[in-house]
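The working numbering puts the first residue of the sequence shown at 2, with every later residue one more than the last. Just so it is clear, CB atoms sit at the ideal spot from N, CA and C, and this is done for glycine as well.
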Amino acid sequence: MANAVVIGAQWGDEGKAKVIDYMTERADVVVRFQGGANAGHTVNAGGRRYVFHLVPSGIITPGKVCVVGSGVVFDAEQFLAEVDELAEAGISVADRLFISDLAHLVLPYHKALDAASESAPGAVKIGTTGRGIGPAYTDKVSRTGIRVGDLLNWNVFLKKFIRNNDAAKLRVQTPDGKPAGDIPDLDEDEIITRYHKIRERLLPFIKDTAFYLFNAERDGMRLLFEGAQGTFLDVDHGTYPFVTSSNTTVGGACAGSGVGPKSIGHCIGIVKTYTTRVGNGPFPTELTDDIGFHLRATGNEFGSTTGRPRRCGWFDSLLVKKAVQLNGFTRLALTKLDVLNDLSEIKICVGYNIDGKKVDQYPTNAQELEYAKPIYETMPGWKQDISKCKKLSELPNAATDYIARIQKLCYDVPVLLISVGPDRADTIEVAGI
Ligand code: IMP
């Protein structure tokens, strides 16, 4: 397999972790390159369910190396909790899990700032995961952030931490506008004591990971880049301001891991066969009726990071077409097809009506998207369980017609696989890679 990057084609939660797990067999090194503990990557393997927020999900495959790249905002406490859970499951990470020294730390004050900005009177409520992501990236871009590599020298870390924590105390306010500086997330002494211990445990993981990846590739190792969130949460190309704070599209893989574009061969778009979104922001095909509830219940559409119910709706081809344009997908992986099993008819959005005009391209203007009314095509459902199907030829005609229609609408990008259930085994392989 050539190196590959896996990117969500919608608003995240497309089932990327299952595809990454599947692709990991063909790779040597799995790399996270953006986002942080806002991601929730669930893998069902060997009768066990793993949920990863920071550690690349490739870690459960023996012998694979996993890298947390420079573009990630790194929550050390979450990371160590995952390392502990892996140890409990008998999975050792020694010498095969590395963190970039350039990744920025998410510290407790970032979470306090995240909560404060979501509850500030008059602020636009993004509906964040509360994991401190926006404030950590804000510090990075405003050049006041603290990097993982700063932990190598405790005094350097300490000085920067106290400066930033004190500044946060002034910025976090109660709803009536008073400084709220004594909340636990800003308790300087307690955090310093905690981080002194955390530092000891983290030191063996810290590396110049860009150099490691450069050499790994020269040695013939195959790299798999694991995207988090989805295309329309990208800070540039997504439904701004209802986005996350990183580049979730393919370019983020180079910037966030320190490899050149030639290191990326395939770009695999993970496409859920309906649409979901967590948090606020426009969602033209959202269903607030019984079908929306049915999709949520059947697809277990609840956030794996926050437990929030996901908003559900029909497949939106304008969205995925745009994702193909932005990422240059070379393969699509279609997920959760089995969730549609019981529906007698299935709709696909093929255009929007915006102010009386029919459009067939996703509008970059967020206001237009708010008012867009979907134009649907209706297809018959298959009304049978497909989760045991192992080959394309075993799927009912209505299901293959639905897949073919999605593919046609999305520039005919070849379909790599179709997921028909949560387990590794519930996968139909279609095209090679
Ligand atoms: P933040 O990334 O926590 O700042 O949240 C910004 C927006 O991105 C919110 O709408 C979140 O619900 C959404 N979001 C962040 N991470 C994920 C994810 O992994 N899956 C789906 N939505 C996410």
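According to the DSSP assignment, PHE53 belongs to the beta strand (DSSP E) that extends over 49 to 53. GLN174 carries a strand assignment under DSSP once its states are collapsed to helix, strand and coil.
Distances from the CB of ILE21 to the heavy atoms of ligand 1 are all 7 Å or more.
For TYR377, the pairing in a beta bridge is given by DSSP as CYS350. Taking LYS273 as the centre and dropping the five residues before and after it, the same chain places the C-beta of GLN11, GLU15, GLY16, THR336, LYS337 closer than 7 Å to its C-beta, in chain order.
Shown here for VAL414: same chain residues with a beta carbon closer than 8 Å to its own, the five before and five after excluded, namely GLY270, VAL325, PHE330, THR331, ARG332, LEU333, GLN408 in chain order. Beta-bridge partners of ASN45 (DSSP): ARG50, ASP424.
Contact between the region 293 to 304 and the region 350 to 369 is absent, with fewer than three C-beta pairs closer than 8 Å. By the neighbour-count criterion, in which 16 or more other beta carbons inside 10 Å mark a residue as buried, LEU319 falls on the buried side. The C-beta distance from HIS105 to LYS141 rounds to 5 Å, short enough to fall under 8 Å. Beyond the five residues adjoining it in sequence on each side, ARG172 comes within less than 8 Å, by CB distance, of LEU114, ALA117 in the same chain, given in chain order. At a threshold of 7 Å, GLN79 does not count as near ligand 1, since its beta carbon sits no closer than that to any of the ligand's heavy atoms. By the CB criterion at 8 Å, GLY13 and GLN230 fall inside the cutoff.
One alpha carbon belongs to ALA181, the other to ASN166, and they sit about 12 Å apart. In the three-state DSSP reduction, HIS197 falls in the helix class (H, G or I). Distance between PHE233 and VAL74, taken at the CA atoms: about 19 Å. By the Cβ neighbour-count rule, GLY135 is buried, with 16 or more other Cβ atoms within 10 Å of its own. Here the region 249 to 256 makes no contact with the region 387 to 405; the two share fewer than three CB pairs at distances below 8 Å. By the C-beta density criterion, LYS198 is exposed, having fewer than 16 other C-beta atoms within 10 angstroms. Under the 10 Å beta carbon count, SER143 is surrounded by fewer than 16 other beta carbons and is classified as exposed. Using a Cβ-Cβ distance cut-off of 8 Å, the region 65 to 82 and the region 26 to 34 are in contact, since at least three pairs of beta carbons, one from each stretch, lie closer than that value. Here the C-alpha atom of ASP386 lies approximately 6 Å from the C-alpha atom of ASN342. Taking every protein chain shown into account, the CB of ILE147 has 16 or more other CB atoms within 10 angstroms, so this residue is buried. Inside the region 126 to 153, DSSP marks whole alpha helix (DSSP H) runs of 4 or more residues at positions 134 to 142, from first to last along the chain. ARG164 is positioned such that its CB atom lies no closer than 8 Å to that of ASN4. Contact annotation, VAL421 with CYS390: C-beta distance approximately 6 Å; criterion of less than 8 Å satisfied. The beta carbon of THR307 is closer than 6 Å to those of THR130 in its chain, skipping five residues each way along the sequence. Residue pairing by DSSP places LYS161 in no beta bridge whatsoever. Residue nearest to ASP151 within the set LEU204, ALA169, GLU119, LYS170 is LEU204 (criterion: CA-CA distance).
In the DSSP assignment, LYS19 falls outside any beta strand (DSSP E) and lies within the alpha helix (DSSP H) extending over 17 to 25. Under the 10 Å beta carbon count, TYR412 is surrounded by fewer than 16 other beta carbons and is classified as exposed. If you check the C-beta of GLN35 against ligand 1, you find no heavy atom less than 7 Å away. In this structure, ligand 1 has no non-hydrogen atom nearer than 7 Å to the beta-carbon of ARG312. Scanning ASP356, ALA405, SER388, GLY228 for the CA closest to the CA of MET380 turns up ALA405. Judged by DSSP secondary structure, ALA40 falls outside any beta strand (DSSP E); it is assigned neither H nor E. Taking 8 Å as the cut-off, the beta carbon of VAL244 is found closer than this to the beta carbon of VAL236.
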